[in-house]
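Visitor:
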DNA sequence: GCAAGCTGCTTCCAAAAAGTAAGTAACTGC
DNA sequence: GCAGTTACTTACTTTTTGGAAGCAGCTTGC
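Chains as they are written, first to last, in full-length UniProt numbering: chain A, 1 to 129; chain B, 1 to 129.
So, in structure tokens, the structure goes:
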């Protein structure tokens, strides 16, 4: 058993913080399929706001996980693609996908409080009402 | 190239949403080491607020990822432990850990805007000032 | 037998992040 | 020169998180 209460590895904390920001996992998953443009990402994700997508892309670019390429058209287009560091993330995404396939029930979304506020049995009392 | 713009698998979306809530990955990582009590989790994570920890534990319990066991002491204690579904998550956490070890630079935290507001090269202009 | 401490949460309030919608900039086509 | 497209940004609202204090049920000290 764990006996020392070691303070988690700071690298792991950084990575968990990254994936702990909303939409990061989904964005990465899509980019695993290949480069993608802003509008295409918006469309594929469906429910993300452009404001937040823009923010995430900047975050991920700043962290060296993806790169932004501008093709000065004339029909100007920008494209986001994973760097080596970003590509290396595929194993995480892949395992997450496998876990989801095995364990996530499609019937019960369970997303952010929808449909299941509290499945808790007892109302957190110790002894009596 | 991807040509269909398939709408991501909803199971994956659910899983990504789960991990996309702040602290979820860290909580799971700690519980991988074995059962843990509320106060112990607070201590090990260090910077999470008790309010949010409580919320996350309820979420994860509602989703069947962990279970709460109350040992009615007398020195009463509650313990959180992973279910089979939760244990199965170890591969994801493991890959995330491996990625972090290989790719995360300890010197540059890059967490939520700290130290790197924008490493962006050009100020997002198309033609001229 | 009662104040003081511990664990495990919950409540209240302020700050930060995400959602919504409209706006902007550089084009294209008409 | 006006509508449409792409890629964002800005302003404003709602939700989520953080921080700290409160509270319930015990135990210990005196």
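We treat Cβ as the ideally placed atom computed from N, Cα and C, and that holds for glycine.
Tell me which residues share the same chain as residue 93/A and place their Cβ nearer than 8 Å to its Cβ, disregarding the 5 neighbours each side in the sequence.
Guide: Once the five neighbours on either side are set aside, the close Cβ partners of residue 93/A are 25, 28, 29 and 32.
Visitor: Going by the CB atoms, is the gap between residue 91/A and residue 85/B shorter than 9 Å?
Guide: It is not a contact, given that the beta carbons lie outside the stated cut-off.
Visitor: Do residue 53/A and residue 66/A count as a contact pair if the criterion is CB distance below 9 Å?
Guide: No.
Visitor: Measuring CA to CA, which of 104/B, 38/B, 20/B and 49/B is closest to residue 70/B?
Guide: Ranking 104/B, 38/B, 20/B and 49/B by Cα distance to residue 70/B puts 38/B first.
Visitor: Can you list, in chain order, the residues of its chain whose CB lies under 8 Å from that of residue 68/B, leaving out five sequence neighbours each side?
Guide: Here the set comprises 57, 61, 78, 79 and 80.
Visitor: Of all the CB atoms in chain A, is at least one closer than 9 Å to the CB of residue 94/B?
Guide: It does: the Cβ of residue 94/B has a partner Cβ on chain A nearer than 9 Å.
Visitor: Is there at least one Cβ from chain B nearer than 9 Å to residue 79/A's Cβ?
Guide: Residue 79/A does not count as touching chain B.
Visitor: Can you name the start and end residues of the alpha helix (DSSP H) that residue 49/A belongs to?
Guide: Residue 49/A -> no alpha helix (DSSP H), and no H or E assigned at all.
Visitor: Cβ closer than 8 Å: which chain B residues qualify as neighbours of residue 67/A?
Guide: Chain B residues near residue 67/A: none, gap ~10 Å exceeds 8 Å.
Visitor: Throw me the rounded Cβ distance for the residue 100/A and residue 96/B pair, which I believe falls under 8 Å.
Guide: Actually they do not touch by this definition, with Cβ atoms about 15 Å apart.
Visitor: For residue 18/A and residue 83/B, what's the separation of their Cα atoms in angstroms?
Guide: Straight-line Cα distance between these residues: approximately 25 Å.
Visitor: Would you mind giving the Cβ-Cβ distance between residue 104/A and residue 14/B, rounded to the nearest angstrom? I have them listed as a contact below 8 Å.
Guide: That pair is a contact at about 5 Å.
Visitor: Expressed to the nearest angstrom, what Euclidean distance is found between the alpha-carbon atoms of residue 87/A and residue 76/B?
Guide: Computed Cα separation, rounded: 47 Å.
Visitor: Along the beta strand (DSSP E) that carries residue 66/B, what are the first and last residues, could you check?
Guide: Counting along the chain, the beta strand (DSSP E) containing residue 66/B begins and ends at 66-71.
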